[in-house]
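The structure appears below as C-alpha cells.
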Amino acid sequence: MRIYIGRESGMFGMSGVSMIVAPARNEAQKIVGAIGVIGPTRLNYGRIVPVVDYTARMVGRLLG
3 MRIYIGRESG MFGMSGVSMI VAPARNEAQK IVGAIGVIGP TRLNYGRIVP VVDYTARMVG
63 RLLG
C-alpha cells in the first residue's frame, strides 16, 4: 500500500490532495490490478486505509 499526501509526494501539482493505493494480487502474488482512493489531505486515514486494503485483497481473489 502507498499513501501520497499533497504536493510533497510529487504525485500532484497541487496541495490539498492525497491518494491511497493498494495492489490487488492473485494467489501467486502477481499484481493483477490496483484499488485506490483520491481525496482531500484531511481524509479519515484510519478508516480509509483498511477499506482500501480489504477491497484490494478481495479484488485480487476474484481476479486470481
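Residue numbers for the sequence shown, in our numbering: 3 to 66. The beta carbon of each residue, even a glycine, is placed where N, CA and C say it ideally should be. Owing to the predicted nature of the structure, the values given are computational and were not obtained by experimental measurement.
DSSP state of residue i, grouped into three classes?
i, result
"A58", "helix"
"G38", "strand"
"S11", "helix"
"R4", "strand"
Closest to residue i by C-alpha separation, out of the options, would be which residue?
i, options, result
"R63", "I5, P52, P25", "P25"
"V34", "M3, V61, Y6, R4", "V61"
"Y6", "G18, I22, M16, G15", "I22"
"P42", "S17, E10, S11", "S17"
Going by DSSP, which residues form a beta bridge with residue i?
i, result
"A26", "G35"
"M20", "The displayed chain sequence assigns Ser, not Met, to residue 20. Looking at the DSSP assignment, S20 forms a beta bridge with I7, G41."
In angstroms with no decimal places, state the Cα-to-Cα distance between residue i and residue j.
i, j, result
"R49", "D55", "11 Å"
"M13", "I37", "16 Å"
"S20", "M3", "13 Å"
"Y47", "Q31", "25 Å"
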